[in-house]
Amino acid sequence: MKILLASSEVFPFSKTGGLADMVGALARALAKAGHEARVVTPLYRGIREKFPAMRRVDWHFDLPLGLKYVQAELWELDLERGLKIYFIDHPGYYDRAGIYLENNLSYADNAERYIFLSKCVVHLARYLPWRADVVHVHDWQVALVPALIAQQKSEGWGNPPRTCLTIHNLAYQGVFPEDAFMLTNLPDSIFNTEGAEFFGLLNCLKAGIAYADFITTVSPRYAREITTEEFGCGLDGILRRRQKDLVGILNGVDYSEWNTTKNPHLVKPYSIGRMAGKKTNKLALQKELGLPADESTPLFGTISRLAEQKGVDIQLGALAEMLNTNMQFMLLGSGSPEYERGYRDLSRHFPRKVAVRFGYNETLAHRIEAGCDFFLMPSRFEPCGLNQMYSLRYGTIPIVRAVGGLDDSVVDWTENAQLATGIKFDEYSSRSLAKAIRKALVLFNQPKLFLVCRRSAMRADFSWDRTVHEYINAYQSGIQ
Ligand code: ADP
Ligand code: GLC
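Right under this line is the structure:
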């Protein structure tokens, strides 16, 4: 099949979170399975310098955006067989210090930047000599694409590709003042409660839910959750109405990036059969982050966007209680200044037990996954979550709240004592999380059992090779 994917971030070109990992890995998996995948994404600052093999395409866009016309250029990069990346080059929109924000403030023109991106995606889908069977868009930034395609179809575009929307996170909907709708150049009839309107505002994700031929989300449990009021973020009604076209497909992992045997970020390789290297990584990590290097102290880690979703409040509460026992904790994160302050205070309070690093650091992310004994992910909600899956492969036992993809990817003792890969808790409270941490400490003190659990975790296989056909099935079910 021919699949045109579109996303505001794609690893290894740009990344703020799991969206980039997922789109980069899915595109590669589709190509590896013998399909043709092409990806559209913005040319952000620094990408051209890092990927000098990319070429300028002789094609200038000049697309209507409200009352004006906006121009852009196109670059392409053949990443591997069957996989091409298109970069939309508009320096005014994308050549900036951040992707979505700077100094914790979202760019004021994000509606304009991503409505324009969406229009470029539609233009490519329509006028590339390579005709996609399916246009697969990810998250609110490109969620207007299905409505734009539907509109062009009604105006005479014969036989356009089918459209698939993947919701990576319902909490981010791309909601803007009504005026922004004008930038879409769509007819007013689309700005209604069954379309792009949400309480008088433009809601890009809602337009995608309304107009995509089919909708996926990134785990089966999250697909069920988002049709309930509790997790639906105000869109559960329209999602229930579209339930027969909604499917949850658990994300896969790109093990060529996330592995412990051939990984330039790690101090020493290790594997199920040769676990000694994990110890070396732990000691090096403790040293690197300025904690006492001691193999016998259980080490807990978290790598996260510091947002409400990630359960920061209950984590700070549980750690304040548990750090009086013999344990260490380290955090790599970035996000809300208030949450950063919370972790900084914790590290001041327990300077020999807590290390925190703020900012984005790819190498340290791999080292924390490899060096820690346990990975904490107490999310309030979690569409899929990739870090817990990375932890499993790195033999770092995940402690997760049983929601969304966390519940779908981790096996607790109570579910299967032989095949347990982690520790789960249900109630969203510091008390429940502290209890889960206590269970982890008990496990740590039973080395044989701990090793069994580590081995089961490392054996768990979430490779895309196993799941990419679920996307193919979804695409094909959409093709009549
Ligand atoms: P989400 O997409 O909600 O942030 P995921 O678990 O799906 O959560 O994916 C997070 C991804 O972002 C992982 O690859 C993780 O390693 C990475 N990540 C998050 N914060 C940082 C950071 N501060 N430095 C480096 N990588 C980070
Ligand atoms: C979102 C979700 C996360 C998911 C990722 C990739 O950022 O918050 O749970 O793993 O997208 O699909």
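Residue numbering for the sequence shown follows the numbering used here, starting at 391 and increasing by one per position.
From the three backbone atoms N, C-alpha and C, an ideal C-beta is built for every residue, glycine too.
Note that this is a predicted model, so its numbers are computed, not measured.
Subject >> In DSSP terms, what isoleucine 787 is bridged to >> reply: Counted from its first residue, the sequence shown places residue 787 at position 397. The partner list for isoleucine 787 (beta bridge, DSSP) reads Phe764.
Subject >> For glutamate 805 and threonine 574, the rounded distance between their alpha carbons >> reply: For this step, residue 574 is matched to residue 184 along the sequence shown. For this step, residue 805 is matched to residue 415 along the sequence shown. CA-to-CA, the gap between threonine 574 and glutamate 805 works out to about 49 Å.
**OP:** Tell me whether leucine 457 is buried or exposed, calling it buried when 16 or more other Cβ atoms sit within 10 Å of its Cβ.
**Re:** For the purposes of this step, residue 457 is identified with residue 67 of the sequence shown, where counting begins at 1. The residue in question, leucine 457, is exposed, as its Cβ has fewer than 16 Cβ neighbours within 10 Å.
**OP:** Within its chain, find whatever has a CB closer than 7 Å to the CB of isoleucine 605; leave out the 5 residues flanking it on each side and keep chain order.
**Re:** Start at 1 with the first residue of the sequence shown, and residue 605 comes out as number 215. Cβ neighbours of isoleucine 605 beyond the five flanking positions: Leu555, Ile557, Ile599, Arg632, Asp635 and Leu636.
Original post:
Which residues in the same chain as threonine 857 place their Cβ atom closer than 7 Å to its Cβ, once the five residues preceding and following it in sequence are excluded?
Top reply: On the sequence shown, residue 857 is found 467 positions in, with the first residue counted as 1. Result list for threonine 857: Ile639, Leu640 and Gly642, in chain order.
Original post:
Is the beta carbon of glycine 794 sitting closer than 8 Å to the one on proline 773?
Top reply: Against the sequence shown, residue 794 aligns to sequence position 404. Against the sequence shown, residue 773 aligns to sequence position 383. Closer than 8 Å, so yes.
Original post:
Exposed or buried, what is serine 867 when buried is set at 16 or more other beta-carbons lying within 10 Å of its beta-carbon?
Top reply: Mapped onto the sequence shown, residue 867 falls at position 477. Counting the other Cβ atoms within 10 Å of the Cβ of serine 867 gives fewer than 16, which makes it exposed.
Original post:
Closest to leucine 518 by CA distance: which of Ser846, Glu466 and Phe581 is it?
Top reply: Position 128 of the sequence shown, counted from the first residue, corresponds to residue 518. For leucine 518, the nearest C-alpha among the options comes from Glu466.
Original post:
Is the distance from the Cβ of phenylalanine 690 to the Cβ of phenylalanine 719 below 8 Å?
Top reply: Residue mapping note: residue 690 aligns to position 300 of the sequence shown, counting from 1. Residue mapping note: residue 719 aligns to position 329 of the sequence shown, counting from 1. A contact, by the Cβ cut-off of 8 Å.
Subject >> Cβ neighbour criterion (16 or more within 10 Å) applied to methionine 412 >> reply: Along the sequence shown, one-based indexing puts residue 412 at 22. By the neighbour-count definition (other C-beta atoms within 10 Å, threshold 16), methionine 412 is a buried residue.
**OP:** Name, in chain order, the residues that DSSP records as bridge partners for asparagine 593.
**Re:** As a working note, residue 593 is residue 203 in the sequence shown. Its beta-bridge partners are Val565.
Original post:
In terms of DSSP beta bridges, what is valine 524 paired with?
Top reply: Working through the sequence shown from its first residue, we reach residue 524 at position 134. DSSP lists Ile393 and Arg552 as partners of valine 524.
Subject >> Backbone CA spacing between alanine 710 and leucine 754 [nearest angstrom] >> reply: Counting from one through the sequence shown, the residue named residue 710 turns up at place 320. Counting from one through the sequence shown, the residue named residue 754 turns up at place 364. The straight-line gap from Cα to Cα measures roughly 24 Å.
Subject >> serine 799 to proline 577 span [Cα, whole Å] >> reply: Along the sequence shown, one-based indexing puts residue 799 at 409. Along the sequence shown, one-based indexing puts residue 577 at 187. Roughly 43 Å between the two C-alpha positions.
**OP:** Can you check the segment 585-648 for any beta strand (DSSP E) of at least 3 residues that lies completely inside it and give the ranges in chain order?
**Re:** Listed in chain order, they are 591-593, 604-607 and 636-638.
Original post:
Within the structure, which residues are defined as neighbours of the ligand GLC by a Cβ-heavy atom distance below 7 Å, reported in chain order?
Top reply: Checking every Cβ against the heavy atoms of the ligand GLC under 7 Å gives Gly407, Gly408, Leu409, Asp411, Met412, His558, Asn559, Val608, Asn641, Gln699, Glu772, Pro773, Cys774, Gly775, Leu776, Gly794 and Gly795.
Original post:
In the DSSP assignment, what residue or residues form a beta bridge with threonine 431?
Top reply: Counting from 1 along the sequence shown, the entry for residue 431 is found at position 41. For threonine 431, the pairing in a beta bridge is given by DSSP as Phe477.
Original post:
So is the beta-carbon of glutamate 752 under 7 Å away from any non-hydrogen atom of the ligand ADP?
Top reply: Here residue 752 refers to the residue found at position 362 when the sequence shown is read from its first residue. At a threshold of 7 Å, glutamate 752 counts as near the ligand ADP, since its beta carbon sits closer than that to one of the ligand's heavy atoms.
Subject >> Neighbourhood of leucine 409 by C-beta distance below 7 Å, restricted to the same chain and skipping five residues each side >> reply: Counting from one through the sequence shown, the residue named residue 409 turns up at place 19. These residues qualify, in order along the chain: Ser397, Glu399, His528, Asp529 and His558.
Original post:
DSSP three-state call for leucine 831: helix, strand or coil?
Top reply: The count along the sequence shown starts at 1 and reaches residue 831 at position 441. Reduced to three states, the DSSP call for leucine 831 is helix.
Original post:
So, are the CB atoms of leucine 592 and cysteine 510 less than 8 Å apart?
Top reply: Within the sequence shown, residue 592 is the residue found at index 202, counting from 1. Within the sequence shown, residue 510 is the residue found at index 120, counting from 1. No.
**OP:** Find the nearest neighbour of arginine 516 within the set Ala792, Ala540, Ile489 and Leu495, judged by alpha-carbon distance.
**Re:** Here residue 516 refers to the residue found at position 126 when the sequence shown is read from its first residue. In terms of CA proximity to arginine 516, Ala540 leads the group Ala792, Ala540, Ile489 and Leu495.
Original post:
What is the C-beta distance between aspartate 479 and leucine 433, in whole angstroms, given that I count them as a contact (C-beta under 8 Å)?
Top reply: Taking the sequence shown and counting its residues from 1, the one referred to as residue 479 is at position 89. Taking the sequence shown and counting its residues from 1, the one referred to as residue 433 is at position 43. At roughly 4 Å, the Cβ-Cβ gap stays under 8 Å, so aspartate 479 and leucine 433 are in contact.
Subject >> Validate contact between the segment 820-835 and the segment 695-714 using beta carbons, cut 8 Å, 3 pairs >> reply: The segment 820-835, when compared against the segment 695-714, does touch it at the 8 Å Cβ threshold.
Original post:
Looking at the structure shown, is alanine 710 part of a helix, part of a strand, or coil, going by DSSP?
Top reply: Position 320 of the sequence shown holds residue 710. Per DSSP, reduced to three states, the secondary structure at alanine 710 is helical.
**OP:** From the DSSP output, in three-state form, read off histidine 558 for me.
**Re:** Position 168 of the sequence shown holds residue 558. DSSP places histidine 558 in the coil class of the three-state scheme, outside both helix and strand.
Subject >> CA-to-CA distance, lysine 700 to aspartate 797, given in whole angstroms >> reply: Position 407 of the sequence shown, counted from the start, is the residue given in the question as residue 797. Position 310 of the sequence shown, counted from the start, is the residue given in the question as residue 700. Those two C-alpha atoms are separated by around 15 Å.
Original post:
For leucine 833, which residues from the same chain have a beta carbon less than 8 Å from its beta carbon, with the 5 sequence-adjacent residues on both sides left out?
Top reply: On the sequence shown, position 443 is the one that residue 833 refers to. Taken in chain order, the residues that qualify are Ile787, Ile813, Leu839, Phe840 and Cys843.
Original post:
When the distance is taken between beta carbons, is leucine 514 closer than 8 Å to tryptophan 484?
Top reply: What you label residue 484 is simply residue 94 of the sequence shown in a count that begins at 1. What you label residue 514 is simply residue 124 of the sequence shown in a count that begins at 1. At residue 484 the sequence reads tyrosine, which differs from the tryptophan that was named. No, the pair does not count as a contact, with Cβ atoms beyond the cut-off.
Original post:
Out of curiosity, what's the CA-to-CA distance linking alanine 597 and valine 608?
Top reply: Position 207 of the sequence shown, counting from 1, holds the residue named residue 597. Position 218 of the sequence shown, counting from 1, holds the residue named residue 608. Spanning the two alpha carbons is a distance of roughly 19 Å.
**OP:** Kindly indicate which three-state DSSP category valine 793 falls into: helix, strand or coil?
**Re:** As a working mapping, residue 793 is identified with position 403 in the sequence shown. Looking at valine 793 - three-state DSSP - the assignment turns out to be coil, as it is neither helix nor strand.
Original post:
Are asparagine 835 and glycine 761 touching if we call contact CB-CB under 8 Å?
Top reply: One-based indexing of the sequence shown puts residue 835 at position 445. One-based indexing of the sequence shown puts residue 761 at position 371. No, the Cβ-Cβ distance between asparagine 835 and glycine 761 is not below 8 Å.
Original post:
Under the criterion of a Cβ to heavy atom distance below 7 Å, does leucine 722 qualify as lining the ligand ADP?
Top reply: The count along the sequence shown starts at 1 and reaches residue 722 at position 332. Of the heavy atoms belonging to the ligand ADP, at least one sits nearer than 7 Å to the Cβ of leucine 722.
**OP:** Within its chain, find whatever has a CB closer than 6 Å to the CB of lysine 405; leave out the 5 residues flanking it on each side and keep chain order.
**Re:** Translated into the one-based positions of the sequence shown, residue 405 becomes position 15. Glu399.
Original post:
Considering only residues of the same chain and omitting the five flanking positions on each side of histidine 756, which have a CB-CB separation below 7 Å?
Top reply: Walking along the sequence shown from the start, residue 756 turns up at place 366. Counting only Cβ-Cβ distances below 7 Å, and skipping sequence neighbours, we find Asn653, His655 and Leu656.
Original post:
Can you list the alpha helix (DSSP H) stretches of 4 or more residues lying completely in the segment 658-704, in chain order?
Top reply: Those alpha helix (DSSP H) runs which fall completely within the segment 658-704 and span 4+ residues are 666-678.
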